[in-house]
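**Q**
Numbering (my numbering), first residue to last: 92 to 369.
#1: Does the distance from the C-beta atom of residue 331 to that of residue 267 stay below 9 angstroms?
#2: I think residue 137 touches residue 162, with their Cβ atoms under 8 angstroms apart; what is that distance to the nearest whole Å?
#3: My understanding is that residue 176 touches residue 204, with C-beta atoms under 8 angstroms, so please give their C-beta distance in whole angstroms.
#4: Residues in the same chain with beta-carbon distance under 7 angstroms from residue 150, minus the five sequence neighbours each way, listed in chain order, please.
#5: Note down, one range per segment and in chain order, each beta strand (DSSP E) of at least 3 residues found wholly within the region 179–254.
#6: Rounded to the nearest angstrom, what separates residue 264 and residue 346 at their Cα positions?
#7: Looking only at its chain, what residues have a beta carbon closer than 6 angstroms to the beta carbon of residue 342, apart from the 5 residues adjacent to it on each side?
#8: Count the other C-beta atoms from every protein chain shown that fall within 10 angstroms of the C-beta of residue 357, then say buried if there are 16 or more, exposed otherwise.
#9: What do you reckon, are the CB atoms on residue 260 and residue 292 nearer than 9 angstroms?
#10: So the alpha helix (DSSP H) residue 171 belongs to, where does it begin and stop?
#11: Residue range of the beta strand (DSSP E) that residue 263 falls in?
#12: Hey, how far is the Cα of residue 183 from the Cα of residue 252?
#13: In whole angstroms, what separates the C-alpha of residue 369 from that of residue 322?
#14: Given residue 349, which residues of its chain have a CB within under 6 angstroms of its CB, disregarding the five upstream and five downstream residues?
#15: Would the beta-carbon of residue 147 fall within 9 angstroms of that of residue 339?
#16: Which one of 220, 284, 308 has the shortest CA to CA distance from residue 126?
#17: Give me the Cα-Cα distance between residue 165 and residue 362, rounded to the nearest whole angstrom.
#18: Return the chain-ordered list of same chain residues with a C-beta closer than 7 angstroms to the C-beta of residue 284, the five sequence neighbours on each side being excluded.
#19: Mark residue 158 as exposed unless 16 or more other C-beta atoms lie within 10 angstroms of its C-beta, in which case mark it buried.
#20: In angstroms, rounded to a whole number, what distance separates the CA positions of residue 116 and residue 170?
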């Protein structure tokens with residue numbers, strides 16, 4: 092992670108940038124297919140995480156998607172480092188190597204994955220004393236073997252269904268009021284749309300989750316949380332489609348994210364794909 096401080100290096104970088112024009116965002120078109128009535132990807136997901144007191148929900152969610160891709164499509168069931176992903180997103184978002192545990196945007200998490208890759212949990216474990224600390228050189232070296240192709244689009248029920256039908260888990264930010272959290276804990280994992288009249292939901296922080304399935308007839312999504320297996324239904328919960336249609340309950344600006352694939356790293360970074368439905 093050397094920084095070039097001399098003028099010649101900066102000039103060389105500018106010349107290379109001119110020679111190799113790069114677009115960060117390109118379009119990925121998925122067809123509006125005949126969708127399955129039911130999708131459930133839980134069997135390929137890694138064990139449910141417990142994020143604890145750390146504000147790591149977005150990083151943990153992306154790590155869960157990476158675990159899924161390694162296990163299902165690369166025949167390599169590994170647990171990737173959540174704090175490695177989190178620190179790189181913090182560094183990008185806060186524009187500093189000295190970072191605070193304030194949470195991160197999904198966009199910066201995706202860009203950190205694309206730029207720095209992923210390493211196994213054993214290289215940079217999820218331990219309190221490593222929070223906000225720059226990962227080791229060995230972790231960066233290990234992670235440099237891979238990069239990812241992120242996918243982004245606006246929040247749309249059909250787009251989420253299409254992603255899941257094509258075996259892509261989806262990350263989204265939602266607001267969970269305390270009352271809703273307690274209700275999910277009581278009733279076996281079912282979340283309902285809260286009464287928004289006079290609600291203080293706007294003051295609730297966004298929380299990153301992964302959508303791993305749907306039931307079109309019942310109109311609910313199967314969602315993976317990061318609060319341990321004892322929360323909800325073994326760490327998962329069921330969210331009605333309607334929940335994502337309420338702007339006050341979702342990260343309407345950030346949209347939804349996924350990882351299209353994990354690739355061996357080359358000299359050129361892949362683009363972020365903007366999902367469109369044909």
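Every residue, glycine too, gets a C-beta built ideally from N, C-alpha and C.
**A** So, to answer that:
#1: Result no, Cβ atoms of residue 331 and residue 267 do not sit closer than 9 angstroms.
#2: At roughly 7 angstroms, the Cβ-Cβ gap stays under 8 angstroms, so residue 137 and residue 162 are in contact.
#3: The Cβ separation is near 6 angstroms, so the contact holds.
#4: For residue 150, same chain residues with a beta-carbon under 7 angstroms away, outside a window of 5 residues either side, are 173, 176, 177, 180, 195, 200 in chain order.
#5: 237–244
#6: Roughly 8 angstroms between the two C-alpha positions.
#7: 264, 297
#8: exposed
#9: Residue 260 places its beta carbon 9 angstroms or farther from that of residue 292.
#10: It is not in any alpha helix (DSSP H) - residue 171 carries neither H nor E in the DSSP assignment.
#11: 261–266
#12: 30 angstroms
#13: 38 angstroms
#14: 242, 254, 259, 261
#15: no
#16: 308
#17: 21 angstroms
#18: 331, 333, 334, 337
#19: Note on residue 158: 16 or more other CB atoms within 10 angstroms of its CB, so buried under the neighbour-count rule.
#20: Those two C-alpha atoms are separated by around 28 angstroms.
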